[in-house]
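Residue numbers (the numbering used here), protein chains in the order written: chain A, 690 to 1103; chain B, 690 to 1103. Yeah, the Cβ is synthetic: ideal placement off N, Cα and C, and Gly gets one too.
Protein chains: 2
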Amino acid sequence: MPIPANTSLKSPLVIIMVGLPARGKTYTAQRLQRFLLWRGYQSRVFNVGNTRRAQVGAQVPHNFFDRENAVGLTARRAAAESTLDALLEWCALGGQVAIYDATNTTRSRRNWVKIACEERGLRVLWFEITCADATVIDTNIRASKLSNPDYKGIDPEAAVADFRARIAHYERAYEPLAPEEGSHIRLHDLGQRIELFDIHGYLQGKLVSLAMNLHTVPRPIYLSRHGQSEDNRQHKLGGDSNITNAGKAYAQKLAQWFQDRDKQSIQIWTSTLRRTIQTAVPLSDHAIALKSLDEIHAGICEGMTYEQVREQMPREFQARKEDKLGYRYPQGESYEDVIERLEPIIFELERQREPVLVIAHQAILRALYGYFTNRTRSETPHIEIPLHTLIRITPRAYGYDEERVIMGPEVPQT
Amino acid sequence: MPIPANTSLKSPLVIIMVGLPARGKTYTAQRLQRFLLWRGYQSRVFNVGNTRRAQVGAQVPHNFFDRENAVGLTARRAAAESTLDALLEWCALGGQVAIYDATNTTRSRRNWVKIACEERGLRVLWFEITCADATVIDTNIRASKLSNPDYKGIDPEAAVADFRARIAHYERAYEPLAPEEGSHIRLHDLGQRIELFDIHGYLQGKLVSLAMNLHTVPRPIYLSRHGQSEDNRQHKLGGDSNITNAGKAYAQKLAQWFQDRDKQSIQIWTSTLRRTIQTAVPLSDHAIALKSLDEIHAGICEGMTYEQVREQMPREFQARKEDKLGYRYPQGESYEDVIERLEPIIFELERQREPVLVIAHQAILRALYGYFTNRTRSETPHIEIPLHTLIRITPRAYGYDEERVIMGPEVPQT
């Protein structure tokens, strides 16, 4: 439900990350931002580490982070300040949810950030991440820190040792969040334990749902349109037609592909429309049909061809052309409506640790694909999701892998 | 998204409440059950206190609850056992989510319950409620315990004193949940702080969203259908027609009613269809139009009259008559689909502490009304939501108050 600005976002929200290095703050900040952008909030991450690298260069030794090191302290404070300035300016210019990505491990530092935000009427939400599992921290260091510019060209083991020493400087000063500091979400040990303090808002609730489902276990998400349908062949919008012989051939190829390759149990989700259910038939008799995966509803234009819409409803045709994201078919849906109804599907896809194959429709898959590949909302209605092509996305901690398998048979793309 | 039994409910789930008396366990258990039933899960609360009252009578002195009292201990253990037996039997017969409502304040008691469940392949979720605020506990005692059969006919102050002494017996033995006991949700101080331990599932996530939004601040929820529409007058399904002059007169009366009575700021939510938006016009220019409040979509039957459906699609007409809840219009929606898409609206309505007026449609309001008044799912499609009538529901800790204001003008009900 897109509660508009006057009820859900009276004033911009600043999410302030808290936690020692290598706890997954940047990963989490990016996931929060991706979700917020997808849901249509102006959102941006402001990363102090990046500012510091830009200001004093990347390769600084660990004792730069020692609290006794006055030079380091001054430089780091300067980076924190200019990053915060940029954040505050962005909020003043209409930003809705800013994420301040830094360690913020001392109470005095947090207090300074909080006061700066609150003085400008911004709301503050703390997001703390802790981890007691040394293996996880080690994996984080190796997965993300060694590829960061701070350690470019440095021997990996030396880099790990230096980063551990860097963490130790922070550990000495670390003061975990206290209730009196205000609303917060705290993730322990990769979400094994989550604490929520004074979390009640609409948007905050969504962020908790997201945080509960995030994990970094790699698993592929497969996206496929149904095989060609009768209505595809006639260029008609919507409807509930059967798949053609070419569509059936695609369904067979798809089943064969999974039989040859992906032996592990895979979940199959379809829409409730015939063309997706029929496409799943050769694959499995355990497919789950979900109403929320049904194609964008074209309202009074259902059953018409694009050509007919252009001729008979030139105003509608033009309005959709000008704003394909926000345009709502009379008595039907817009892409924005579709994104909203897909939110529970996104939480479910985030949560799954096993492969899932989603057999759905063009607009639906554009919205899902856009989420997992960080497309902007305005790009979403224009993403290419061809017929008879299997898309495999494997989300990674930073970024994702993508493979497109053109299965055929070749049919006109609609 | 109704993930069917094979993925979301491999085996029945037993939610075991934990907490001292007067912390709101029974209130929370009932709210969980109401939500689960509304979402279509077979759900039931098993309350040990009720069993104990049935077995040994209601009026027992507080020292019945003293752990040194062997008679009391035996009787209470017997009540716990037969309640658990009933729960286990219900699960074996197809129950999906059982809620075991008792204090369960010692680890040995919890361990006994857990083993009994797990031996039968049932999954366990702990739900602990704590409260450090003496005022809240006092309010709880006065609001719910004094009206319970244990204190029927007893002087209120004596009853409060006795109940406090009863709590003290439990406090001496209370061992809060520990992580090694397994997945749990813990609510502190009316949800001010919430801890989630090892909570990852689909259903568990929904229960957290609900728990985050529950509160006991009384505020009215107003439900109203739009004023009579052109299509109402012609008995047509769906569509997006304008309201009639009678509909406009209702809109004026509605606005006047709120001007006369409810001076406080009220939120107004409409659907995106003309007839609800037009009804809100005299009330406010701040109404929020929400797609998820749009009327049940009648698919290929949109624009037809009921009479036409009966004549031209006798099979559809008959199928809907036989299962109005599960029947899905071809290319349209079922009541079950509607309930699913209203879930975020329910969380939002639970969360609001100010009055909200929902101006929507018959099927939508049936689903919302059914939730707040504990109707069964099968009753939902038959609830009477007349035109030109304002319904005011004020949720209470146990139950609700309802008022129906017949505003007029009188029009044929459709």
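Below-9 Å beta-carbon distance, Lys1013(B) vs any chain A residue: No, its Cβ sits nowhere closer than 9 Å to a Cβ of chain A.
Cβ shell of Val849(B) (< 6 Å), same chain only, five flanking positions each side left out: Same-chain partners within the cutoff: Ile830.
The beta strand (DSSP E) enclosing Pro1119(A), as first and last residue numbers: Coverage of chain A is limited to positions 690 through 1103, which leaves residue 1119(A) absent and any answer about it impossible.
Contact set between Leu885(A) and chain B, taken where Cβ atoms lie within less than 8 Å: Simply Arg882, Ile883, Glu884, Leu885 and Met901.
The stretch 889 to 907 of chain B contacting the stretch 1046 to 1062 of chain B, beta-carbon criterion three pairs below 8 Å: Because the criterion of three Cβ pairs below 8 Å is not met, the stretch 889 to 907 of chain B and the stretch 1046 to 1062 of chain B do not touch.
Chain A contacts made by the stretch 971 to 988 of chain B, where a contact means CB separation under 8 Å: For the stretch 971 to 988 of chain B, which is checked against every Cβ of chain A, the residues closer than 8 Å are His975, Ile977, Leu979, Lys980, Ser981 and His986.
Whole runs of the beta strand (DSSP E) within the stretch 886 to 973 of chain A, excluding any shorter than 3 residues: With a minimum length of 3 residues, the continuous beta strand (DSSP E) runs that stay inside the stretch 886 to 973 of chain A are 910 to 914 and 956 to 959.
Boundaries of the beta strand (DSSP E) in which Phe735(B) is found, first to last residue: Element bounds for Phe735(B): Ser732 to Asn736.
8 Å contact criterion, which Lys925(B) and Gly1021(B) should meet: CB distance rounded: Approximately 14 Å separates the beta-carbon atoms of Lys925(B) and Gly1021(B); this is outside 8 Å, ruling out the contact.
Proximity test, Cβ basis, 9 Å: Phe1036(A) and chain B: True, the Cβ-Cβ gap to chain B drops below 9 Å.
Where Ile1074(B) sits in the DSSP three-state scheme: Three-state result, Ile1074(B): coil.
Secondary structure of Thr819(B), DSSP reduced to three states: The answer is strand: DSSP assigns Thr819(B) an E or B state.
Own chain, CB closer than 6 Å to Glu1068(A), minus 5 neighbours either side, in chain order: Taking Glu1068(A) as the centre and dropping the five residues before and after it, the same chain places no C-beta closer than 6 Å to its C-beta.
Reduced DSSP secondary structure (H/G/I, E/B, other) of Leu811(B): When secondary structure is reduced to three states using DSSP, Leu811(B) falls in the coil class, being assigned neither helix nor strand.
Cutoff 9 Å: Ser898(A) Cβ touching any chain B Cβ: Chain B places a beta carbon closer than 9 Å to that of Ser898(A), counting this residue as a contact.
Selection of the stretch 817 to 831 of chain B by Cβ proximity to chain A, strictly under 8 Å: Within the stretch 817 to 831 of chain B, no residue has a Cβ that lies closer than 8 Å to any Cβ of chain A.
First and last residue of the uninterrupted beta strand (DSSP E) at Leu979(B): Premise fails: Leu979(B) is in no beta strand (DSSP E) and is neither H nor E.
Partner residues on chain B for Pro1019(A), Cβ-Cβ distance less than 8 Å: In chain order: Asp929.
Extent of the continuous alpha helix (DSSP H) to which Ile1035(B) belongs: Counting along the chain, the alpha helix (DSSP H) containing Ile1035(B) begins and ends at Tyr1024 to Arg1040.
Pick from His986(B), Gly880(B), Cys806(B) and Ala759(B) that is closest to Ala781(B), judged by C-alpha positions: Here the closest residue by C-alpha is Cys806(B).
Reduced DSSP secondary structure (H/G/I, E/B, other) of Ala787(B): Strand, per DSSP.
Where Pro868(A) falls: helix, strand or coil (DSSP): If DSSP states are grouped into helix, strand and coil, Pro868(A) belongs with the helices.
Three-way DSSP call (helix, strand, coil) for Gly1097(B) in this model: Coil at Gly1097(B), not helix or strand.
Ser960(B) vs Ala1052(B) beta-carbon contact at 9 Å: Going by C-beta atoms, Ser960(B) is not nearer than 9 Å to Ala1052(B).
Contacts around Arg742(A), its chain only, beta-carbon distance under 8 Å, and the 5 residues preceding and following it disregarded: So the list reads Pro838 and Asp839, once near-sequence residues are dropped.
Test: Gly936(A) CB closer than 9 Å to a CB of chain B: Closer than 9 Å to the CB of Gly936(A) there is not a single CB belonging to chain B.
Ile692(A) at chain B interface by Cβ criterion, 9 Å: Low confidence applies to Ile692(A): its pLDDT is 45, below 50, so where it sits in the model is not reliable enough to give any reading.
Cβ separation of Glu884(B) and Thr795(B), assumed to be a contact under 8 Å, to the nearest whole Å: No, Glu884(B) and Thr795(B) are not in contact; Cβ-Cβ is about 20 Å, not under 8 Å.
Separation of Leu762(A) from Arg720(A), as counted between CA atoms: Straight-line Cα distance between these residues: approximately 29 Å.
First and last residue of the uninterrupted alpha helix (DSSP H) at Ile1053(A): Start and end: Gln1051 to Phe1061.
Min CB distance Tyr891(B) to chain A below 9 Å: Answer yes: the Cβ-Cβ gap between Tyr891(B) and chain A drops below 9 Å somewhere.
Within chain B, the residues that Ile888(A) reaches when beta carbons sit closer than 8 Å: Near Ile888(A) (Cβ distances below 8 Å), the residues of chain B are Ile883 and Met901.
Classification of Glu870(A) by the beta-carbon crowding that lies within 10 angstroms, buried from 16 upward: Here Glu870(A) is buried, its C-beta having at least 16 other C-beta atoms within 10 Å.
With 16 other Cβ atoms within 10 Å as the buried cut-off, status of Val906(A): Answer is exposed; the Cβ neighbour count stays below 16.
Glu778(A), DSSP secondary structure in three states: In the structure shown, Glu778(A) sits in a helix (DSSP, three-state: H, G or I).
Whole-number beta carbon distance between Leu773(B) and Val802(B), since they are thought to touch under 8 Å: Contact between Val802(B) and Leu773(B) holds: their C-beta atoms lie close to 6 Å from each other, under 8 Å.
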